[in-house]
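So the numbering used here is basically just the index in the sequence shown, starting at one, shifted up by 25.
To start, the structure itself, in C-alpha coordinates.
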Amino acid sequence: MKKGSLFITGQLPLENWHDLFNDPTLGDAIIDRLAYSSHRLKIESVDSMRKITSEL
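Here you go:
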(Lines of atoms letter the chains of each structure in order from A and count residues from 1; the text may use other names and numbers.)
(Lines give C-alpha, C1' and ligand atoms only; values in the text may rest on other atoms or scores of the structure.)
Protein backbone atom coordinates (compact mmCIF):
# COMPACT_ATOMS: atom_id res chain seq x y z
CA MET A 1 0.00 0.00 0.00
CA LYS A 2 1.33 3.42 -0.92
CA LYS A 3 1.53 5.99 1.81
CA GLY A 4 1.24 9.73 1.60
CA SER A 5 0.20 12.74 3.57
CA LEU A 6 -3.16 14.39 3.93
CA PHE A 7 -3.89 17.59 5.83
CA ILE A 8 -7.46 18.40 6.79
CA THR A 9 -8.31 21.62 8.55
CA GLY A 10 -11.57 22.91 9.90
CA GLN A 11 -13.28 24.87 12.57
CA LEU A 12 -15.74 22.12 13.49
CA PRO A 13 -14.55 19.89 16.35
CA LEU A 14 -13.95 16.24 15.40
CA GLU A 15 -16.73 15.17 17.77
CA ASN A 16 -19.25 16.99 15.54
CA TRP A 17 -18.06 15.55 12.20
CA HIS A 18 -20.66 12.75 12.34
CA ASP A 19 -23.38 15.39 12.01
CA LEU A 20 -22.06 16.29 8.54
CA PHE A 21 -23.09 12.95 7.00
CA ASN A 22 -26.67 11.89 6.26
CA ASP A 23 -25.75 8.22 6.57
CA PRO A 24 -24.23 7.36 9.99
CA THR A 25 -22.54 4.22 8.62
CA LEU A 26 -20.88 6.17 5.83
CA GLY A 27 -19.83 8.88 8.28
CA ASP A 28 -18.30 6.31 10.63
CA ALA A 29 -16.40 4.68 7.76
CA ILE A 30 -14.98 7.95 6.46
CA ILE A 31 -13.97 9.25 9.88
CA ASP A 32 -12.50 5.87 10.82
CA ARG A 33 -10.31 5.88 7.69
CA LEU A 34 -9.15 9.43 8.35
CA ALA A 35 -8.51 8.91 12.07
CA TYR A 36 -6.62 5.60 11.77
CA SER A 37 -2.88 6.22 12.28
CA SER A 38 -3.47 9.96 12.28
CA HIS A 39 -1.78 12.76 14.16
CA ARG A 40 -4.08 15.49 15.42
CA LEU A 41 -2.94 19.01 16.20
CA LYS A 42 -5.35 21.26 18.02
CA ILE A 43 -4.33 24.86 17.51
CA GLU A 44 -6.16 27.54 19.41
CA SER A 45 -5.45 31.23 19.02
CA VAL A 46 -7.35 34.39 19.79
CA ASP A 47 -5.51 36.39 17.12
CA SER A 48 -5.79 35.61 13.42
CA MET A 49 -2.70 34.59 11.45
CA ARG A 50 -3.16 37.65 9.21
CA LYS A 51 -2.78 39.91 12.24
CA ILE A 52 0.19 37.98 13.60
CA THR A 53 2.12 37.93 10.29
CA SER A 54 1.38 41.59 9.53
CA GLU A 55 3.20 42.56 12.73
CA LEU A 56 6.40 40.70 11.74
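The beta-carbon is built from N, C-alpha and C at its ideal position, and this holds for glycine as well.
- Membership of Leu59 in the alpha helix (DSSP H) is indicated by the continuous run Pro49 to Ala60.
- The Cβ atoms of Ile33 and Leu59 lie closer than 8 Å to each other.
- For Arg75, the enclosing alpha helix (DSSP H) stretches over residues Met74 to Ser79.
- For Gly29, the closest alpha carbon among the candidates Leu51, Asp44, Pro38 and Ser63 is that of Ser63.
- Rounded to the nearest angstrom, the gap between the Cα atoms of His43 and Met74 is 28 Å.
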